[in-house]
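Chemist: Sharing a structure with you now.
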Amino acid sequence: MAKEITSRSENYSQWYNDIVKKADLAENSAVRGCMIIKPYGYAIWERMRDQLDKMFKETGHVNAYFPLFVPKSLFEAEEKNAEGFAKECAIVTHYRLKNDPSGHGKLMVDPEAKLEEELVVRPTSEAIIWHTYKDWIQSYRDLPILINQWANVVRWEMRTRPFLRTAEFLWQEGHTAHASKDEAIEEAKKMHDVYATFAEEYMAMPVIKGFKSENERFAGADDTFTIEALMQDGKALQAGTSHFLGQNFARAFDVKFSNAQNEYEYVWATSWGVSTRLVGGLIMTHSDDDGLVLPPKLAPIHVIIVPIPKPDDVILQKAQEIADALRALGISVQIDKDENKRPGFKFAEYEMKGIPVRIGIGLRDLQNNVVEVARRDTKEKMSVPLDGIDVFIQNLLEDIQQNLFNRALKYRDEHITRVDTYEEFKMVLEEKGGFLSCHWDGTAETEELIKQETKATIRCIPLRQEMEEGQCIYSGKPSKGRVIFAKAY
RNA sequence: CGGGGCAUAGCGCAGUCCGGUUAGCGCACUUGGUUUGGGACCAAGGGGUCGUAGGUUCGAAUCCUACUGCCCCGACCA
105 MAKEITSRSE
115 NYSQWYNDIV
125 KKADLAENSA
135 VRGCMIIKPY
145 GYAIWERMRD
155 QLDKMFKETG
165 HVNAYFPLFV
175 PKSLFEAEEK
185 NAEGFAKECA
195 IVTHYRLKND
205 PSGHGKLMVD
215 PEAKLEEELV
225 VRPTSEAIIW
235 HTYKDWIQSY
245 RDLPILINQW
255 ANVVRWEMRT
265 RPFLRTAEFL
275 WQEGHTAHAS
285 KDEAIEEAKK
295 MHDVYATFAE
305 EYMAMPVIKG
315 FKSENERFAG
325 ADDTFTIEAL
335 MQDGKALQAG
345 TSHFLGQNFA
355 RAFDVKFSNA
365 QNEYEYVWAT
375 SWGVSTRLVG
385 GLIMTHSDDD
395 GLVLPPKLAP
405 IHVIIVPIPK
415 PDDVILQKAQ
425 EIADALRALG
435 ISVQIDKDEN
445 KRPGFKFAEY
455 EMKGIPVRIG
465 IGLRDLQNNV
475 VEVARRDTKE
485 KMSVPLDGID
495 VFIQNLLEDI
505 QQNLFNRALK
515 YRDEHITRVD
525 TYEEFKMVLE
535 EKGGFLSCHW
545 DGTAETEELI
555 KQETKATIRC
565 IPLRQEMEEG
575 QCIYSGKPSK
585 GRVIFAKAY
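Sequential numbering of the first sequence, starting at 105, is according to the working numbering.
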């Protein structure tokens, strides 16, 4: 059998690239750092988007759309935020091209068409949105505003990787405005919970919920809540963040409201987002050396039916019956009627694409009133009676979803290591990787030194943990609880 | 922005050192046939301004110069 995917042990990065390519998820484009998301990859994103959108609506949010371009003067209003993104902004400076007099049929930027004010291509939309909210908010009766937008953003990255880090990416960004600090914090936490639930229940990707250290916090936030997942190579992936923005943007954009006592107050804010990066996380959480592995809840196709040998009438009719029965249960099914490819080729191909369940139907099976069912997560094959096949598959899909989560959780838990000395820290980081749970003195200096010396960063300060007196692994100073370090994507 | 590599058919490559008929191989593609329970086989086909521009030469994919693009590794980052 021709191996088309580099094994994880041989070269993890190459394995990841191979999966993206061979599973037909995305490809590089003519634009540096920007990828083309192909139909199958986009279908996965659509399923993520649809589910998240539903969860946002259920928590009271509505969708809207704000412009791609942000005037520089607005962008720079909230200084910390602007500074945080300044180094990776694309800027529009002109609005017209003209024929290049020195070249044949070539175009050049028309120097006459310089914009009076440059436009920043949004790396995030707080600025344009808070500029707008100023007009929308007068009274506490106008609050809260609970808006989400699905959009593309641009961050001019030095080095990019499909899905994990691209110059342009798709995401959603929630931007809410509140009359009180408590309500805003509650909102940020609520969306943090939504992300964690989505990651675990739909992506089958276990996450650690926590908040960021000051160094790692979103520029312009008072607090950043994060979900952190662990990839199979022992590196952490920040999978979603929810920010309590305090009154920083309200002050920067002068957004005040009259409270019930008719006094002016600055509005309290949150923002929260997840991106196409989640697709990268999904790949690296479950997939194996044979290709992509998808959890049923996000798989565009749940079941592929492969007729064996060549599709003939009897087999196709049976395949159609099974497909109809499965579809009646809300399961998405495709029958592969291609006569030019052999079954073995199809098996390998569908495994590469991570389709959770494959049903093979041959004449021999039909004589015995069974079909062959193969599950992608364990590669297990079984002979299953036709009678009740629909319910069997339905249960199997649930089982696969659960199994993927359990498997990822076991791996994750086995790779959270409690360490109490810096020597141990460096050793575990080097030899085992994963999350390191240890004491830290709470200072940015220590965090920075550890980062410089080991490349590990504080992924989060976990929300759920017992308070425990200890000593910082680096400085030996007292600490009241453990934080999670890791090398990160 | 530093350091390394690559550019020849849709994709992956050989040929370049040491210039010489008509530039080759695998996969993919087209047509016909035999096949089909884990990546089938046979036969016949189509497809190239050898990254761009200039130079050396009787003659350049091959030598020289400049340019452009892409990939990998670092610094930076979700």
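All C-beta atoms, glycine included, are put in the ideal place defined by N, C-alpha and C.
Computed from a predicted structure; not experimentally measured.
Do residue 459 and residue 403 come within 8 Å of each other at the CB atom, strictly closer than that value?
Modeler: Yes, the Cβ-Cβ distance between residue 403 and residue 459 is below 8 Å.
Chemist: Near residue 582, what residues of its chain come up, given a Cβ to Cβ distance below 8 Å and the 5 sequence neighbours on each side ignored?
Modeler: Around residue 582: 545, 573, 574, 575 and 576.
Chemist: Decide if residue 366 is buried, meaning its Cβ has at least 16 other Cβ atoms within 10 Å, or exposed.
Modeler: Residue 366 is exposed by the Cβ-count criterion.
Chemist: With H, G and I counted as helix, E and B as strand and the rest as coil, what does DSSP make of residue 617?
Modeler: Here the chain has residues from 105 to 593 only, and residue 617 is not among them.
Chemist: Using only alpha-carbon positions, find the residue among 530, 330, 483 and 281 that is nearest to residue 508.
Modeler: Among 530, 330, 483 and 281, the Cα nearest to that of residue 508 is on 483.
Chemist: Report yes if the CB atom of residue 457 is closer than 8 Å to the CB atom of residue 144, and no otherwise.
Modeler: Taking 8 Å as the Cβ cut-off, residue 457 and residue 144 qualify as a contacting pair.
Chemist: Is the region 282 to 300 touching the region 532 to 545, taking contact as three or more C-beta pairs under 8 Å?
Modeler: With a cut-off of 8 Å, the region 532 to 545 and the region 282 to 300 do not count as touching, because too few Cβ pairs lie within range.
Chemist: Quick one: give me the first and last residue of the alpha helix (DSSP H) that residue 368 is part of.
Modeler: From DSSP, residue 368 is part of no alpha helix (DSSP H) but of the beta strand (DSSP E) over 368 to 370.
Chemist: Note down, one range per segment and in chain order, each beta strand (DSSP E) of at least 3 residues found wholly within the region 398 to 486.
Modeler: If we require 3 residues or more, the beta strand (DSSP E) runs fully inside the region 398 to 486 come out as 407 to 411, 437 to 439, 461 to 465 and 474 to 479.
Chemist: Strictly by DSSP, which residues pair up with residue 512?
Modeler: Per DSSP, none; premise fails for residue 512.
Chemist: What are the start and end residues of the alpha helix (DSSP H) that includes residue 533?
Modeler: First-last of the alpha helix (DSSP H) with residue 533: 526 to 535.
Chemist: Use the C-beta contact count for residue 198: other C-beta atoms within 10 angstroms, 16 or more gives buried, fewer gives exposed.
Modeler: Residue 198 comes out exposed.
Chemist: Could you tell me whether the region 259 to 273 touches the region 178 to 188, using the rule of 3 or more Cβ pairs below 8 Å?
Modeler: With the cut-off at 8 Å, the region 259 to 273 and the region 178 to 188 do not touch.
Chemist: Can you list, in chain order, the residues of its chain with a C-beta nearer than 8 Å to that of residue 481? Leave out the 5 residues immediately preceding and following it.
Modeler: The residues are 390, 397, 460, 504, 507, 508 and 511.
Chemist: Check residue 254 in the structure and name its three-state DSSP category.
Modeler: Reduced to three states, the DSSP call for residue 254 is strand.
Chemist: Is the CB-CB distance between residue 519 and residue 334 below 8 Å?
Modeler: It is a contact, given that the beta carbons lie within the stated cut-off.
Chemist: Based on the DSSP output, what are the partners of residue 282 in its beta bridges?
Modeler: Note: residue 282 sits in a beta bridge opposite 372.
Chemist: Give the straight-line distance between the Cα atoms of residue 579 and residue 201, rounded to the nearest whole angstrom.
Modeler: Whole-angstrom Cα-Cα distance: 58 Å.
Chemist: Please give me, in chain order, every unbroken run of the alpha helix (DSSP H) with length at least 4 that falls completely inside the region 156 to 239.
Modeler: Entirely contained in the region 156 to 239, the alpha helix (DSSP H) runs reaching 4 residues are, in chain order, 176 to 179 and 183 to 190.
Chemist: Taking C-beta to C-beta, are residue 279 and residue 233 nearer than 8 Å?
Modeler: It is a contact, given that the beta carbons lie within the stated cut-off.
Chemist: Is residue 124 buried or exposed, if buried means 16 or more other CB atoms sit within 10 Å of its CB?
Modeler: Looking at its Cβ environment, which holds 16 or more other Cβ atoms inside 10 Å, residue 124 is buried.
Chemist: Using a Cβ-Cβ cut-off of 7 Å (strictly less than) and excluding sequence neighbours within five positions of residue 106, which residues of its own chain qualify?
Modeler: Confidence at residue 106 is low in this model, with a pLDDT of 46, below 50, so the placement of that residue should be treated as unreliable; the coordinate-derived value is given next. Correct list: empty, nothing qualifies.
Chemist: Just reading off the beta strand (DSSP E) that residue 329 is part of, what are its end residues?
Modeler: 327 to 334 is the extent of the beta strand (DSSP E) around residue 329.
Chemist: Can you tell me whether residue 160 is buried or exposed, with buried defined as 16 or more other CB within 10 angstroms of its CB?
Modeler: Buried is the call here.
Chemist: Please classify residue 424: is it buried, with 16 or more other beta-carbons within 10 angstroms of its beta-carbon, or exposed?
Modeler: Under this definition residue 424 is an exposed residue.
Chemist: Within 10 angstroms of its Cβ, does residue 223 collect 16 or more other Cβ (buried), or is it exposed?
Modeler: Counting Cβ neighbours within 10 Å, residue 223 comes out buried, since at least 16 surround it.
Chemist: For residue 221 versus residue 284, is the C-beta spacing smaller than 8 Å?
Modeler: No, the pair does not count as a contact, with Cβ atoms beyond the cut-off.
Chemist: From this set, 421, 517, 531 and 406, which residue's C-alpha is nearest residue 477's C-alpha?
Modeler: Comparing Cα-Cα distances from residue 477 to each of 421, 517, 531 and 406, the minimum goes to 406.
Chemist: Kindly indicate which residue of 229, 454 and 250 has the alpha-carbon position closest to the one of residue 259.
Modeler: It is 229 whose Cα lies nearest to the Cα of residue 259.
Chemist: Report all residues from its chain with a CB closer than 7 Å to the CB of residue 300; omit the five preceding and five following residues, and keep chain order.
Modeler: 311, 313 and 331, listed in sequence order.
Chemist: Report the three-state DSSP secondary structure of residue 135 (helix, strand or coil).
Modeler: Residue state, collapsed to three classes: coil.
Chemist: Can residue 343 and residue 303 be called in contact, C-beta distance under 8 Å?
Modeler: Against a cut-off of 8 Å, the Cβ pair of residue 303 and residue 343 comes out as a contact.
Chemist: Using 10 angstroms around the beta-carbon of residue 494, count the other beta-carbons present and answer buried if the total reaches 16, otherwise exposed.
Modeler: Flag for residue 494 reads buried.
Chemist: Going by Cα to Cα distance, which pick from 464, 436 and 437 is closest to residue 449?
Modeler: That would be 464, whose Cα lies nearest to the Cα of residue 449.
Chemist: Could you tell me how far apart the beta carbons of residue 470 and residue 410 are, in whole angstroms, since I believe they sit closer than 8 Å?
Modeler: The Cβ separation is near 14 Å, so there is no contact.
Chemist: In three-state terms, what does DSSP make of residue 264?
Modeler: DSSP places residue 264 in coil when its eight states are reduced to three.
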